[in-house]
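What follows is a short report on a single structure.
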């Protein structure tokens, strides 16, 4: 009993430990980013919060992102190429193709490269790298301790979710992100450890005085028809934006692939663009969380919003396309939030929408753009809700994110997370659903009156029945052996019967058969029947009641299970 209890509690308890480790790692990453920012842009050794700008070096500061790109290129070539890119797709690939195994060097080099990238002005947020790092730590924990591939997947997802929570303080969104992008299942064995990891991260986060909510928005209006319709329109526009962004990212990556120089130098090329754009608009540099707060306040000038939207997009697009170490969540939300603000201002020119709140437009824009690009619908809604604490905006959020995902599904087959994997031949599920076999009981598809034989029949007698053309016995593959009262005594397969016919034709079928067959009960789910068939390499199971001496009540076959699946597919079409 004790080993069984421990085996059930092991992964959830490890997830609590994992949540603590990842939170400390996230805090360390933030401190490292601040240190790199102060050293690179201000020439001081400090972990105090600061912004990347050109107040210290002047125009020479344009070279800072270039130097950062050179460092990352070296780290990627001689450290780990896995540090390049978004972070989440790499975690998805590890789940899909490597049994959730991520090398230890990724857990070391990913945060270091991210700190260099962001600290030298890279237009990324800290959440993408820490999600990837948290996933790597969870995977390593599952590799160091004896774990199955499923358990490693759960620990990987728990680490990633804990990292997101530690940065943003959005535990529910982190759990949903793990379900929608990493686990693709909603089962207690999966979401309970992820929930414990994120809850632990949220509790420990309070010790480090991180802001909560991360992006406050004062919104207390009742979601009436103009607000709801306007949110739907903004969500649809941001869905188009998400499609355009996704296609642009991979189109630019393709152009970098054509360069006649080694990919190690590409981040430095991207750094030239980041530095030049940063000189024109310093707000495009670094994490840019302050930009989202200003946008949500609704006080940023229209020209400033448009400038931020366009230049941030170009800077992030080139930097990410160059293969540097960075993420997608915060940049997508900044770009989407800016476009949401522009759309809200545009609505002010439409009769009936003159009072549409700009802050709500920003909130819808940031969530809907990420929802359209990633199709993590529930995570996007929950993130905007938790990050802003804007209770009244929940309905408009659902409409906006729903419109964005609708547009994305119509116009784009893959997402910003899965396009690269699809090109590599890795297929990632786009939906998750319960196994229909869990919902069907064995008695719904079993054969209720299978042909049986008495234990005293000889092998030769039953073989003669099987060899008679036109007989109902002709196609029988498994014969239950029962007593006169229906008690199951054993089984004999067609193959075993004819094998015994060569050796001992006059022996009884009970002597030649199996007296302790694998069975199943009529009220058990078909999924259990399928699992037992797979584990034992068989295609048929006798169905028995739960009496002390079990009686045969039917026979379930592999064909019956497949037929049930065919029927379910017909109902879905």
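Numbering (our numbering), first residue to last: -6 to 566. Note that CB positions come from ideal geometry on N, CA and C, so glycine has one too. On a predicted model such as this, the values are computed, not experimentally measured, just so you know.
query, result
"Cβ neighbour criterion (16 or more within 10 Å) applied to residue 66", "buried"
"Neighbour-count burial assignment, residue 559, 16 or more Cβ in a 10 Å radius", "exposed"
"Short Cβ contact (8 Å threshold) for residue 544 with residue 481", "yes"
"Complete runs of the beta strand (DSSP E) confined to the segment 273 to 316 [at least 3 residues]", "none"
"Other residues of its chain near residue 13: CB distance less than 7 Å, five sequence neighbours each side excluded", "193, 197"
"Element boundaries [beta strand (DSSP E), containing residue 175]", "First-last for residue 175: undefined, no H or E at that position."
"Identified DSSP bridge partners for residue 109", "Per DSSP, none; premise fails for residue 109."
"Cut-off 7 Å between Cβ atoms - residues of its own chain near residue 144, not counting five sequence neighbours on either side", "4, 135"
"Residue 172 versus residue 372: straight-line alpha-carbon distance, rounded", "9 Å"
"Cα-Cα separation, residue 377 to residue 392", "13 Å"
"Environment of residue 306 [buried if 16+ CB atoms lie within 10 Å]", "buried"
"Cutoff 6 Å; reference residue 359; Cβ partners in own chain excluding five residues on either side", "326, 329, 330"
"Which listed residue (442, 429, 475) has its alpha carbon closest to that of residue 562", "429"
"Nearest residue (CA-CA) to residue 281, options 493, 111, 528", "111"
"Separation of residue 58 from residue 16, as counted between CA atoms", "28 Å"
"Reference residue 257; option with closest CA among 167, 551, 341, 73", "73"
"Beta bridge counterpart(s) of residue 384 as assigned by DSSP", "Note: residue 384 sits in no beta bridge, so no partner."
"Burial state of residue 284 (16 or more Cβ within 10 Å)", "buried"
"Where the beta strand (DSSP E) through residue 536 begins and ends", "533 to 537"
"Range of the contiguous beta strand (DSSP E) that encloses residue 471", "471 to 475"
"4 or more residues per run - each alpha helix (DSSP H) lying fully within the segment 117 to 191", "120 to 137, 142 to 161, 164 to 171"
"Per-residue burial, residue -6 [other beta carbons within 10 Å of its own, 16 or more giving buried]", "Confidence in residue -6 is poor, its pLDDT being 38 and thus under 50, which makes the residue's placement too unreliable to answer from."
"Nonlocal neighbours in the same chain, by C-beta distance under 8 Å from residue 474, ignoring five residues either side", "445, 446, 447, 448, 481, 482, 483, 484, 485, 502, 503, 506"
"Beta-carbon contacts of residue 8 that lie in its chain and below 6 Å, excluding the five residues immediately before and after", "151, 186, 189, 190"
"Simplified DSSP assignment, three categories, for residue 73", "coil"
"Option nearest residue 236 by Cα separation, candidates 538, 367, 41, 64", "367"
"Which of helix, strand or coil DSSP assigns to residue 544", "strand"
"Reduced DSSP category for residue 343 - H, G, I as helix; E, B as strand; rest coil", "coil"
"Straight-line Cα distance separating residue 549 from residue 437", "10 Å"
"Exposure of residue 141, with buried meaning 16 or more beta-carbon neighbours within 10 Å", "exposed"
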